[in-house]
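**Student:** Take a look at the following structure, please.
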Amino acid sequence: MDTSKDAYWRANVKLMLGLLSIWFAVSFGCGILLFDYLNQFKFFGWKLGFWFSQQGAIYFFVLLIFVYVWQMNRIDRLFGVEEE
Amino acid sequence: MSVQVLTYIFVILTFGLYIGIAIWSRSTSTNEFYVAGGHVHPLANGAATAADWMSAASFLSMAGIIAFEGADGARYLMGWTGGYVLLALCLAPYLRKFAKFTVPDFIGDRYYSRRARLVAVICVIFISFTYIAGQMRGVGIVFSRFLEVDINVGVIIGMAIVFFYAVLGGMKGITYTQVAQYCVLIFAYLVPAVFISIMLTDNPLPMLGFGSTMSDGSGVFLLDKLDGLTSDLGMTAFTEGSKSTIDMFFITAALMAGTAGLPHVIVRFFTVPRVRDARISAGYALIFIALLYTTAPAVAAFARINIIQNIDGIAYSDAPAWFGKWEDSGLLAWMDKNGDGKIQYRGGSALSPTKPVFSASEGPSGERQLLNEATSSANELYIDRDIIVLAHPEIAKLPNWVVALVAAGGLAAALSTAAGLLLVISSAISHDLLKMSFRPEISEQQELRIARISAAVAIAIAGIFGIYPPGFVAEVVAFAFGLAAASFFPVIFLGIFSTRMNREGAIAGMMTGLIFTFSYIVYFKFIDPASNHTENWWFGISPEGIGALGMVLNFAVSSLVSKFTPAPPQEIQDLVQSIRIPRKD
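Order-wise, the sequence lines are chains A and B.
When you read off a place in the first sequence, starting at 1, and then add 18, the result is the number in the numbering used here.
When you read off a place in the second sequence, starting at 1, and then add 3, the result is the number in the numbering used here.
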């Protein structure tokens, strides 16, 4: 495989864009743009849109950062650029 | 023991702890003073970042705002946490690899320009002072209400404490006191929330409690009950918003990008040893922050229910003791519009102008007489949003030690943020303004002394803000985030992700974003506040959210200008390549 610095950077940007699209979807998507639509569904005691905007989005944010850390450490090793 | 005695005990204990840590972790070099020597453990940095970030606004004000705004309050919840995803994925690891001391350092070096560095220094100082003014108000509220000392004395005590550990300890001292302050503030926030959650829903976890059924055996979900109560009293139902979707979108975006661009947060990622530590410590920081941010909306819903159930319809003469005490502080007021001696809490604002103006005399029921006009609304109650978190334990009749604990937590939140901001101001002056721009010949010892002096001067100025609070504090908070979003976030992002971005593009973009955002806010907040309504806003975007549009303009202008001007020198392009690779070359 291509282990050049360019290939490393492309893998990094691809991961970042993937995670940022989830970031956008859960906050701006479910929490704001689809807020009224999702509110017709009930999620335990919450309306679904309300839950995303006041709870769900935050849980996803935490998850996204940890997935990023885990995947980046893997990519670093794969391309041999990890720190000693 | 009384609340006041317990508050004194908690405040003295926690302040003693902060001072002890400051003595133990004194800084002796500029490297330690600016970035704690660069060897803070990522977990400690996560906790310190959380305390640095969560200010009096997060601790004291946010749940109160959500309690009254309901669904609209989500812009703060998402905006102030979502920014950490941007920070972790787009900025923190690369700035750590860059390995310098300040945000203007990065902008000055990456764009090989003293002018760009100076623009950045001005923004850093402006943003940080705006922010500090709010912290000092928080310190003043806590001291005057719970210790019943003069606000000025309270502010001076707070200044003395911050002076001690920021000036002596620098970043090293601040980091370890912030870890302690995080523990104090999160404990103080969660304990009353857990108590109240159990009382209202039988669920000990507040973040689940507010999605549960009421504990009164009715089987009704708490939020459905709250929607019913608010609608019945002629207010907007709690889970429905009144802001437009486009405004919510832009405000949330401005808060997110602003969070990621705030210098006192960014600089925390210079303090960890490695790039991978910067990544993981952003994750730890967000977990620590999320603990408070997922609890806050629950506290908000609980507080709204408790206020309606415990206050509405009560005769003023039977009102609990805390009611009169908050009235004395001027943050709560009651006007008996229908003359029945009972407190009516309804939709709409009770007073005109909105904030209470008291006369010296007492009304027929013994309340503080108001000089305001009555509005046409039947609402008789004015509650300042900043008091909700502090008053809620008393409203819910929790034990005195919980009330005192919350006061200590509020002080921890305000002081930890103030210290982080002071450090950023002092390093902007001693490092960026003197050492790197105008007086490069000074020695490290001189630079360190100047850093300490500028921290001391900054504390004095912050104290003056606290003693003579400028009336416009609330109005200018939008500035801090708007300007950070419109200036720092795009230039730092492009500085990492585009090798082609050059000095001309960055300066043009930064100036466009700044001037645009600044003018829009100044126009609607200061020049013509009467026209500050949806129909006059561009695309329906309020001044609070305009920073997001400023950011888009910044991206557009800088990309365009850099296309038609020379590429950056080879060594700058090499610098960009090197910060993208974690391993040292």
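No residue lacks a Cβ here, since even glycine has one placed at the ideal position from N, Cα and C.
Model, not experiment: these values are computed from the prediction.
Within the 8 angstroms Cβ cut-off, does A:W39 reach chain B?
**Tutor:** For clarity, residue 39 of chain A is Ser in the given sequence; the question names Trp instead. By this cut-off, A:S39 is not an interface position.
**Student:** Would B:A488 and B:A257 qualify as a contact pair, given that the criterion is a beta-carbon distance under 8 angstroms?
**Tutor:** Yes, they are a contact pair.
**Student:** Are the C-beta of B:T248 and some C-beta of chain A separated by less than 8 angstroms?
**Tutor:** By this cut-off, B:T248 is an interface position.
**Student:** Name the two residues that bound the continuous alpha helix (DSSP H) containing B:Q448.
**Tutor:** Segment E447 to I470, the alpha helix (DSSP H) holding B:Q448.
**Student:** Taking the C-alpha atoms as reference points, what is the distance between B:S545 and A:V85?
**Tutor:** Between B:S545 and A:V85, the C-alpha separation is close to 35 angstroms.
**Student:** At a Cβ threshold of 8 angstroms, is A:G49 touching chain B?
**Tutor:** Yes, contact with chain B.
**Student:** Exposed or buried, what is A:V31 when buried is set at 16 or more other beta-carbons lying within 10 Å of its beta-carbon?
**Tutor:** Under this definition A:V31 is an exposed residue.
**Student:** Going by beta-carbon coordinates alone, are B:T84 and A:F62 separated by less than 8 angstroms?
**Tutor:** Not in contact: B:T84 and A:F62 (Cβ atoms no closer than 8 angstroms).
**Student:** Should B:S28 be labelled buried (16 or more other beta-carbon atoms within 10 Å of its own) or exposed?
**Tutor:** Burial call: buried.
**Student:** Measure from the C-beta of B:Q576 to each C-beta in chain A and report whether the shortest distance is under 8 angstroms.
**Tutor:** Output row for B:Q576: interface = no.
**Student:** Give the secondary structure of B:W540 by DSSP, where H, G and I count as helix, E and B as strand, and everything else as coil.
**Tutor:** It is coil, neither helix nor strand.
**Student:** Assuming B:V145 contacts B:A410 under a Cβ cut-off of 8 angstroms, what Cβ separation, rounded to an integer in Å, is found between them?
**Tutor:** That belief holds up - the Cβ atoms of B:V145 and B:A410 are roughly 5 angstroms apart, short of 8 angstroms.
**Student:** Please identify the residue among A:A75, A:M90 and A:S71 whose C-alpha is closest to the C-alpha of B:G244.
**Tutor:** If we check each option's Cα against that of B:G244, A:S71 comes out closest.
**Student:** For B:L563, is the classification buried or exposed, using 16 other Cβ atoms within 10 angstroms of its Cβ as the cut-off for buried?
**Tutor:** Answer is exposed; the Cβ neighbour count stays below 16.
**Student:** For chain A, is any of its Cβ atoms less than 8 angstroms away from the one on B:R503?
**Tutor:** Not closer than 8 angstroms to any Cβ of chain A, the Cβ of B:R503 fails to qualify, so no.
**Student:** Could you check where the beta strand (DSSP E) with B:L384 kicks off and where it finishes?
**Tutor:** Run containing B:L384: L384 to I386, per the beta strand (DSSP E) assignment.
**Student:** Exposed or buried, B:V360, counting other C-beta atoms within 10 Å across all chains shown (16 or more means buried)?
**Tutor:** Per the 10 Å Cβ criterion, exposed.
**Student:** How about B:L556 and B:I135: do their beta carbons lie closer than 8 angstroms?
**Tutor:** No, these two residues do not count as a Cβ contact at 8 angstroms.
**Student:** For B:L335, list the residues DSSP reports as bridge partners.
**Tutor:** BP columns for B:L335 point to B:I386.
**Student:** Determine whether the beta carbon atoms of B:M174 and B:L426 lie at a separation below 8 angstroms.
**Tutor:** Yes.
**Student:** Since B:A415 and B:V142 should fall inside the 8 angstroms C-beta cutoff, what is the C-beta to C-beta distance between them, to a whole number of angstroms?
**Tutor:** Actually they are not in contact, since the Cβ atoms of B:A415 and B:V142 sit about 11 angstroms apart, beyond 8 angstroms.
**Student:** Given that A:L66 touches chain B, what residues does it touch there, using C-beta distances under 8 angstroms?
**Tutor:** Within chain B, no residue comes near A:L66; the closest Cβ sits about 11 angstroms away, beyond 8 angstroms.
**Student:** Would you call the CB atoms of B:M514 and B:G111 closer than 8 angstroms?
**Tutor:** In this structure, B:G111 does not lie closer than 8 angstroms to B:M514 by Cβ.
**Student:** First and last residue of the alpha helix (DSSP H) that includes B:R371?
**Tutor:** First-last for B:R371: R371 to L373, but that is the beta strand (DSSP E), not the alpha helix (DSSP H).
**Student:** Which whole-angstrom value is the C-beta distance of B:N505 and B:S565, which I expect to be below 8 angstroms?
**Tutor:** Confirmed, Cβ separation roughly 5 angstroms.
**Student:** Would B:S379 pass as a contact of B:G172 if the rule is Cβ separation under 8 angstroms?
**Tutor:** No, they are not a contact pair.
**Student:** What would DSSP say about B:E243, mapped onto helix, strand or coil?
**Tutor:** DSSP places B:E243 in coil when its eight states are reduced to three.
**Student:** Measuring straight from C-alpha to C-alpha, what distance separates B:K345 and B:L334?
**Tutor:** Cα-Cα distance, rounded: 19 angstroms.
**Student:** My output table needs one value for B:K103: the three-state DSSP class, helix, strand or coil.
**Tutor:** B:K103: coil per DSSP, three-state reduction.
**Student:** Any beta-carbon of chain A closer than 8 angstroms to the one on B:G85?
**Tutor:** Chain A contact via Cβ: present.
**Student:** Between the Cα of B:K587 and those of B:A51, B:Y97, B:L89 and B:L451, spot the shortest distance and give me the residue it belongs to.
**Tutor:** Measuring from the Cα of B:K587, the nearest candidate turns out to be B:Y97.
**Student:** Return the Cβ separation of B:I310 and B:L232 in integer angstroms, given the expectation that the two are a contact with Cβ distance under 8 angstroms.
**Tutor:** About 10 angstroms separates the two Cβ atoms, so there is no contact after all.
**Student:** Drop a sphere of 10 angstroms on the beta-carbon of B:P356, count the other beta-carbons inside from all chains shown, and report buried for 16 or more, exposed for fewer.
**Tutor:** With fewer than 16 Cβ atoms within 10 Å of its Cβ, B:P356 is classed as exposed.
**Student:** Could you name the residues of chain A that B:V224 contacts, counting a contact when the two beta carbons are closer than 7 angstroms?
**Tutor:** Just to set this straight, residue 224 of chain B is Phe in the shown sequence, not Val. Correct list: G63.
**Student:** Taking A:A2 as the query, report the chain B residues whose CB atoms sit under 9 angstroms from its CB, ordered along the chain.
**Tutor:** Nothing can be reported for residue 2 of chain A, as the shown portion of chain A is limited to 19 through 102.
**Student:** Please list the segments of the alpha helix (DSSP H) lying wholly inside the segment 111-183 of chain B, counting only runs of 4 or more residues, in order along the chain.
**Tutor:** Fully enclosed alpha helix (DSSP H) runs of 4 or longer: 117-145.
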